[in-house]
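Chemist:
There are 2 protein chains.
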Amino acid sequence: MFQIAAFARLGGVSPKVLRDYDELGLFRPAWVDRLTGYRLYSAAQLPQLRRILALRDLGTGLPEIRALVVDGADLRAVLEQRRAALVDARRELDRRLAGLGISLAAAQEGQAGPDVVVRDIGGELVATMDVARVDGDVGRAFYELELRIRDAGVRAAGPPGALVRERPGPGMQPETEVFVPVGRSATGLDVRRLPVARAATLLHEGSYETMAATRRALDEWCIAAGLRPLEPIRLLYLQFGAEEDLRLPRQYLVTRAAELVTEIQLPIDG
Amino acid sequence: MFQIAAFARLGGVSPKVLRDYDELGLFRPAWVDRLTGYRLYSAAQLPQLRRILALRDLGTGLPEIRALVVDGADLRAVLEQRRAALVDARRELDRRLAGLGISLAAAQEGQAGPDVVVRDIGGELVATMDVARVDGDVGRAFYELELRIRDAGVRAAGPPGALVRERPGPGMQPETEVFVPVGRSATGLDVRRLPVARAATLLHEGSYETMAATRRALDEWCIAAGLRPLEPIRLLYLQFGAEEDLRLPRQYLVTRAAELVTEIQLPIDG
DNA sequence: ATGAACCCTCACCCGAGGTGAAAGTCAAGA
DNA sequence: TCTTGACTTTCACCTCGGGTGAGGGTTCAT
Chain E
1 MFQIAAFARL GGVSPKVLRD YDELGLFRPA WVDRLTGYRL YSAAQLPQLR
51 RILALRDLGT GLPEIRALVV DGADLRAVLE QRRAALVDAR RELDRRLAGL
101 GISLAAAQEG QAGPDVVVRD IGGELVATMD VARVDGDVGR AFYELELRIR
151 DAGVRAAGPP GALVRERPGP GMQPETEVFV PVGRSATGLD VRRLPVARAA
201 TLLHEGSYET MAATRRALDE WCIAAGLRPL EPIRLLYLQF GAEEDLRLPR
251 QYLVTRAAEL VTEIQLPIDG
Chain H
271 MFQIAAFARL GGVSPKVLRD YDELGLFRPA WVDRLTGYRL YSAAQLPQLR
321 RILALRDLGT GLPEIRALVV DGADLRAVLE QRRAALVDAR RELDRRLAGL
371 GISLAAAQEG QAGPDVVVRD IGGELVATMD VARVDGDVGR AFYELELRIR
421 DAGVRAAGPP GALVRERPGP GMQPETEVFV PVGRSATGLD VRRLPVARAA
471 TLLHEGSYET MAATRRALDE WCIAAGLRPL EPIRLLYLQF GAEEDLRLPR
521 QYLVTRAAEL VTEIQLPIDG
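Residue numbers (our numbering), protein chains in the order written: chain E, 1 to 270; chain H, 271 to 540.
#1: Secondary structure at H:E447, three-state DSSP: helix, strand or coil?
#2: Would you list the one or two residues that DSSP bridges to E:W31?
#3: CA-CA distance, H:L316 and E:H204?
#4: Check H:R498 in the structure and name its three-state DSSP category.
#5: I believe H:R361 touches E:L86 by the beta-carbon criterion, under 8 Å. Please report the beta-carbon distance rounded to the nearest angstrom.
#6: Evaluate H:R463 with the Cβ neighbour count: other Cβ atoms within 10 Å of its Cβ, from every protein chain shown; 16 or more gives buried, anything less gives exposed.
#7: Which residues in the same chain have their Cβ closer than 6 Å to the Cβ of H:E513, if we skip the five residues on either side of it in sequence?
#8: Which bits of chain H does E:P47 rub up against, with CB to CB less than 8 Å?
#9: Under a three-way DSSP split, which group does H:V386 fall into?
#10: How would you label E:G188, buried or exposed, when you count the other beta carbons within 10 angstroms and need 16 or more for buried?
#11: Rounding to the nearest angstrom, what Cα-Cα distance links E:L266 and H:I493 in this structure?
#12: Considering E:Q81, what are the terminal residues of the alpha helix (DSSP H) in which it resides?
#13: Check the Cβ-Cβ distances between H:L370 and every residue of chain E, and say whether any is below 7 Å.
#14: Pull up the CB-CB distance for E:A30 and E:L40, whole angstroms please, since I reckon it's below 8 Å.
#15: Between H:R346 and chain E, is any beta-carbon pair separated by less than 7 Å?
#16: Using the beta-carbon of each residue, which ones in chain H are nearer than 9 Å to E:Q239?
#17: Counting only the same chain and skipping the five closest in sequence on each side, list residues whose C-beta sits under 6 Å from that of H:I274.
#18: When you compare only the Cα positions, how much space is there between H:D344 and E:S207?
#19: With distances taken from CA atoms, which of H:L497, H:G409 and H:L508 is nearest H:I538?
#20: Within the same chain, show all residues whose beta-carbon is closer than 7 Å to that of E:L230, passing over the 5 residues directly before and after it, in chain order.
#21: Would H:I503 pass as an interface residue toward chain E - the criterion being a Cβ-Cβ separation below 7 Å?
#22: Can you give the Cα-Cα distance for E:F142 and E:A157, rounded to whole angstroms?
#23: Roughly how many whole angstroms lie between the Cα atoms of H:E394 and H:P451?
#24: Any beta carbon of chain H sitting closer than 7 Å to that of E:L104?
#25: Reducing DSSP to helix, strand and coil, say where E:T279 ends up.
#26: In terms of residues, what are the limits of the alpha helix (DSSP H) holding E:R193?
#27: For E:G11 and E:F2, what's the separation of their Cα atoms in angstroms?
#28: Where do the ends of the alpha helix (DSSP H) carrying H:L530 lie?
#29: Within 7 Å of any Cβ in chain H, is that where the Cβ of E:R50 sits?
#30: Please confirm whether E:V35 and E:R66 have their CB atoms less than 7 Å apart.
#31: Bridge partners for H:Q535 per DSSP, in chain order?
#32: Under 7 Å, do E:R76 and E:L58 count as touching if we go by C-beta distance?
#33: Going by beta-carbon coordinates alone, are E:V116 and E:G101 separated by less than 7 Å?
#34: Rank E:V154, E:V126, E:V32 and E:A197 by C-alpha distance to the C-alpha of E:A162 and give the top, closest one.
#35: According to DSSP, what are the bridge partners of E:Q45?
#36: Which residues in the same chain have their Cβ closer than 6 Å to the Cβ of H:D400, if we skip the five residues on either side of it in sequence?
Put into structure tokens, the structure is as follows:
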């Protein structure tokens, strides 16, 4: 029989871990001295501890390990699930490393890399208007859309945006649809829910005239990260200049071009 | 200006995170209402938040992010360090996935996979004896070594083991050296410190006659995990049968072959 | 005036342990 | 027999990056 420190050394863990596992009912000592409370472990217990540690290294939670080791739950199901989780983690890791490479290359030249954030977007209820309906004039499309929203007695619930299909087909012009988040549907409005999607997002600061460069940087980032960009992309006008009678919440208005903030959201596959 | 919930949505975080970052001094709202305590954020702050989130996604700790973003520490050094950490994590992840593949294949056939644990070993002070000095008789080598240790007035500090060079050279026989951990050096003993190394470890239960199969399983595991095994391997006799007058701590003694426990430690590269 | 949707602080919870205090146990050596 | 040092025990509190909920204040539209 081994005292706790000796056994912990054999297992490659700390005594505290063994005491915690004892308390959790996950791994109990072979013998506990009634008088002193000393925990004593046998060498035959070591393989069992090793199994627990192997599962733990796979990222299995302690309660789940207990279900497996103590209650005899289905090992294969858990292993399959752990594999899926590890594969996901690996993909995520690869993406981070690729982005890091770009940031480091930029840092080499004293610049800052693009702060791309991959996250889930969408799910908002929005009122939409196709820009083609007003001769391709985005500004006027927003104006008309706001007018309609006001007429319908609805309030904008967030910053406005646009869905852009950059390559709707060979030789075709980009198709743009503008939208404004709304709280509820109403007659006279084209209201639908934006699909939820995973997207690589990058902020563009300043004039819209320099946005193409930011758009390209996002594309390059995605390609480096091994992500396949999808259509349509989304633009979110987080801070924009507009006529006062666009009845958007005041907070999105700004006058100086340098203060414009636009988010480019590039949906990705997987 | 945005209230906290709206700004949190734009950043893709929860309001609690923004409040925590404020308290940490990591990211403060552009304006705080004196009367109500309401935090108000500007769109111009969003890029800064995104930078923080990008660093966080790389696994940078919040205090370190603060050093970078608030105190203007050296970004490149941190990025390099993060890259090293991520590369390490990726290697670890690949290893776990490979081991998981073996376990799943075994589970497919209703068996249990080998519970290989990769960890750092070594660093102990040991008294050694070359088995060649007693005509290759391992049992006798242990006996002689124990005798010497006793004569030197030293106590064994742990289970005995062996260093085995399985392929010392083309056409050569394995070379074995036995050792016993000791607390201190003494005259008449060959005492040295075992080198610290990263090793894939696997327990073998039962008779020594079936140990070769366990040894092979460990080798296969390493190859699948893309690890290069090194020499010499270490065997640790965690529970063994021996004559009573080997003055090892009583706890390592056992009589029945089924209760023998031996750890095979295969040093690996990286 | 009232309800809904915000906001504030404060306190506690999670996992998987690390750290340290106060006190008990045990074996070897003087 | 006494001391010393290396063990052990329990208990409580800390870590990190948040989540959750209570209790109470504010703002806005109806």
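C-beta: ideal position from N, C-alpha, C; glycine also.
Modeler: Taking the structure as given:
#1: strand
#2: E:L40
#3: 10 Å
#4: coil
#5: The pair is not a contact, with the Cβ atoms about 13 Å apart (cut-off 8 Å).
#6: exposed
#7: Note that H:E513 scores 45 on pLDDT, short of 50, meaning its location in the model is unreliable; the coordinates nonetheless yield the value given after this. So the list is empty, once near-sequence residues are dropped.
#8: D385, L473, E475 and V531
#9: coil
#10: exposed
#11: 40 Å
#12: L75 to Q108
#13: yes
#14: 6 Å
#15: yes
#16: S312, A313, A314 and L316
#17: P285, L288 and R309
#18: 30 Å
#19: H:L497
#20: P267, I268 and D269
#21: no
#22: 15 Å
#23: 6 Å
#24: yes
#25: Since the first residue of chain E shown is 1 and the last is 270, residue 279 of chain E is not available in this structure.
#26: No alpha helix (DSSP H) contains E:R193, which is instead part of the beta strand (DSSP E) from D190 to R193.
#27: 12 Å
#28: Where H:L530 is concerned, there is no enclosing alpha helix (DSSP H), given that its DSSP letter is neither H nor E.
#29: yes
#30: At residue 35 of chain E the sequence reads Leu, which differs from the Val that was named. No, the Cβ-Cβ distance between E:L35 and E:R66 is not below 7 Å.
#31: H:T471 and H:R504
#32: no
#33: no
#34: E:V126
#35: Partner(s): none; E:Q45 has no beta bridge.
#36: E447
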